[in-house]
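Take the working numbering: the last position of the sequence shown gets the number 426, and nothing is skipped along the way. Where a beta carbon is used, it is the ideal one built from N, C-alpha and C, also for glycine. Treat the numbers as computed from the prediction; the structure is a model and nothing was measured.
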Amino acid sequence: MIRIAIVAPCGPVNQDSLRAGKRNLLSHFPNCEFIEAPNLDRESGFLAGTDQERIDSLRWAFESSDADIIWIARGGFGAVRIALCMPWTDFAAESRARLVGYSDATLLLSSFAQAGGTAIHGPMIAADIARGFEDERTWNSIERLILSNDKKLNDDFLFEGRVLNNLPVKIDGRILAGNLTVFASTAGTKIFPSTKDKVIFLEDVNEEPYRVERALCQLLLSGFFDEAKAVVFGNFSNCIAETPERSFT
């Protein structure tokens, strides 16, 4: 059995979506068992409980749950309030668990990865997985990257893309993946991640194109891309100009 601890370090979790996500995972991977963080049904404004409740729940997942995977239920807001409160080095040294999520959880993933842990930028149980996937490759990726912990990313995982400049045919490097806006918000802070020799994957949602450009410029000026090996743009969903006639997109 694969033991999965479901945590909510960001926004409050819709319980119907949570049940749907667990159901969809079990229908594809019946060898999963779930344990839930104490704050999974909590709500405090736009957060899944108070800061202390979310801190305690994440610590429980790493220190006491004996989980193979710590899977973030959903994104939203609030991870920045607790990111520096975590003993990431201890988590990485003492827990075998892989941390999975994206969006607002970018700060948690990058902090855990920088400490030496295994962080996977992947779909969340009460969000994407609850809605399901039409393409079987996504389920295959979940099985290989998350459930089986295959640490090498190759063409089997990638949808057809478009190369924006001439790069070497082959690039080797560790992946740093995350939300563009969240990365930009950490520029100049203690948790700004190192990108040296990394292949950077970026995503975002519900941002005007000019805001996407502003975040990219902020990262460019901060040196975020200076020592990276490559940059890959993932899904920028619903990043549509409100006034197309005044946009370059």
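Could you tell me which residues DSSP pairs with residue i in its beta bridges?
i: D381; result: F413
i: G278; result: H298
i: S221; result: L224
i: A407; result: V376
i: A182; result: I212, I247
Need the endpoints of the beta strand (DSSP E) that residue i sits in, please.
i: R351; result: 351 to 356
i: E213; result: 209 to 213
i: V151; result: A query on residue 151 cannot be resolved here, the shown segment of the chain reaching from 178 to 426 and no further.
In or out: residue i buried (at least 16 other Cβ within 10 Å) or exposed?
i: I183; result: buried
i: T372; result: buried
i: F401; result: buried
i: R273; result: exposed
i: F268; result: buried
i: A392; result: buried
i: A270; result: exposed
i: D281; result: buried
i: P421; result: exposed
i: I348; result: exposed
Could you spell out the range, first to last residue, of the alpha helix (DSSP H) harbouring residue i?
i: T283; result: 283 to 291
i: I306; result: 305 to 308
i: R314; result: 313 to 318
i: E271; result: 265 to 271
i: L396; result: 386 to 399
Going by beta-carbon coordinates alone, are residue i and residue j separated by less than 8 Å?
i: T358; j: E385; result: no
i: F206; j: E380; result: no
i: S287; j: P186; result: no
i: F355; j: K406; result: Going by the sequence as given, residue 355 is Gly instead of Phe. Cβ distance not < 8 Å, so G355 and K406 don't count as in contact.
i: T227; j: L284; result: no
i: F223; j: G252; result: no
i: A260; j: I352; result: no
i: F211; j: I181; result: yes
i: A214; j: S234; result: yes
i: L202; j: I306; result: yes
i: A303; j: G411; result: no
i: E419; j: D374; result: no
i: R231; j: A225; result: yes
i: N415; j: V389; result: no
i: M178; j: N216; result: no
i: W265; j: A292; result: yes
i: R314; j: T295; result: no
i: S325; j: G365; result: no
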